[in-house]
Amino acid sequence: MAMWDRIKDQAKGLQQQSQGARGSGGHGRSGSGSGSRAGGSSKAQLVGVLKSQLATLKTELKSGSYRDASMAMCALVAAADGSVDPAERQHVESLILQNDVLKNFPPEQLQQRFNKHVDQLTFNFQQGKTEAMQEIAKAAKKPVEAKAVVQTGFVVAGADGYIAPAEEQVLREACAALGVSPQEFGL
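With positions in the sequence shown counted from 1, the corresponding number in the working numbering is that position plus 5.
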C-alpha cells in the first residue's frame, strides 16, 4: 500500500512538472475512488494519474518511434509471464484501441505492431523480448516519449487493478532501455 501511495505522489509530481514545462493548465485528476479500499484504490488512482498525464501529452506523442515502442511495451506486458492466451491478447488489444493517446494512430497500425511482437514473444520469448526491447530503446532519444512509453505500459499492466511481479520486471527493464529512472514509477 505504501508503495502505491509513493508512486501516486511521484506521478502527480511528474504530471505537475510536465504541465509546468509546457505552460498549460491541464486537468490533473488523480483518479476516482472513495479511498476506502486503500490497495485497490491506490492502484486505480495511479493508473488514473498516468492516463491523465498521457492525455496532457497527446499532441506531443505522434511519432512513429512512440507508436512502435508503445506497442512493443504493451506486448511485453501482455507476455510478461511467458505466455499470452487469446483472451489476454484480445483484452490488451482492446485497451490499446481505447487509449486516448494511441488514437493518434490508425488502429490497424497499432494492431499489426502489437500482434507482431506478441507472435514473436509466443514463438520464442527470449528472442521476442530482445527485439521488443530494441524497439522500445528507439524512443530513448526523446525523454517525453521515453517516459510516455513506460506510462503506457504501466496503464496497460494496471488495467486489471494489479501489476504482477513479472510485469514490474519488464517495466523496470524498459526503464533501463529508455534511460528512465524506475524510481520515478516506484519500481
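Using N, Cα and C, we set each Cβ at its ideal position, and we do this for glycine too.
Contacts around V185, its chain only, beta-carbon distance under 7 Å, and the 5 residues preceding and following it disregarded: For V185, where only same-chain residues beyond five positions count, the Cβ hits under 7 Å are A151, K152 and V155.
With 16 other Cβ atoms within 10 Å as the buried cut-off, status of A129: In the sequence as presented, Ala is not what sits at residue 129; that position holds Asn. Exposed, because fewer than 16 other Cβ atoms sit within 10 Å of the Cβ of N129.
Distance cut-off 7 Å: V155 Cβ against heavy atoms of the ligand FMN: Here there are no bound small molecules, and the ligand FMN is not part of this structure.
Continuous alpha helix (DSSP H) stretch holding L102: start and end: Looking at the DSSP string, the run of the alpha helix (DSSP H) that includes L102 is P91 to Q103.
Segment contact, 8 Å Cβ cut-off, at least three pairs: the stretch 122-141 with the stretch 84-103: As far as the Cβ criterion goes, the stretch 122-141 touches the stretch 84-103, which means the pair count is three or higher.
Contact between the stretch 97-107 and the stretch 159-167 (3+ Cβ pairs under 8 Å): Yes, they touch.
C-alpha gap between P148 and Q125, whole angstroms: Just so you know, the alpha carbons of P148 and Q125 end up roughly 27 Å apart.
Spatial neighbours of S75 in its chain, beta-carbon cut-off 6 Å, leaving aside the 5 residues before and after: V154 and T157, listed in sequence order.
Short Cβ contact (8 Å threshold) for N109 with K67: N109 is a Cβ neighbour of K67, given a cutoff of 8 Å.
CB contact flag (A182, M138, <8 Å): Contact flag set, yes.
Same chain, Cβ closer than 7 Å to M78, five either side skipped, listed in chain order: Cβ within range, chain order: I141, V154, T157, G158 and A179.
Local conformation of I141 per DSSP, three classes: Helix at I141.
Buried or exposed by the 16-neighbour rule on C-beta atoms within 10 Å, applied to E172: With 16 or more other Cβ atoms within 10 Å, it is buried.
Beta-carbon separation (whole angstroms), R72 vs Q114, contact threshold 8 Å: Confirmed, Cβ separation roughly 7 Å.
DSSP state of K152 mapped onto helix, strand, coil: Per DSSP, reduced to three states, the secondary structure at K152 is helical.
Backbone secondary structure at S57 - three-state DSSP: Looking at S57 - three-state DSSP - the assignment turns out to be helix.
Supposed contact pair V123 and A169 - C-beta distance, whole angstroms, cut 8 Å: The Cβ separation is near 17 Å, so there is no contact.
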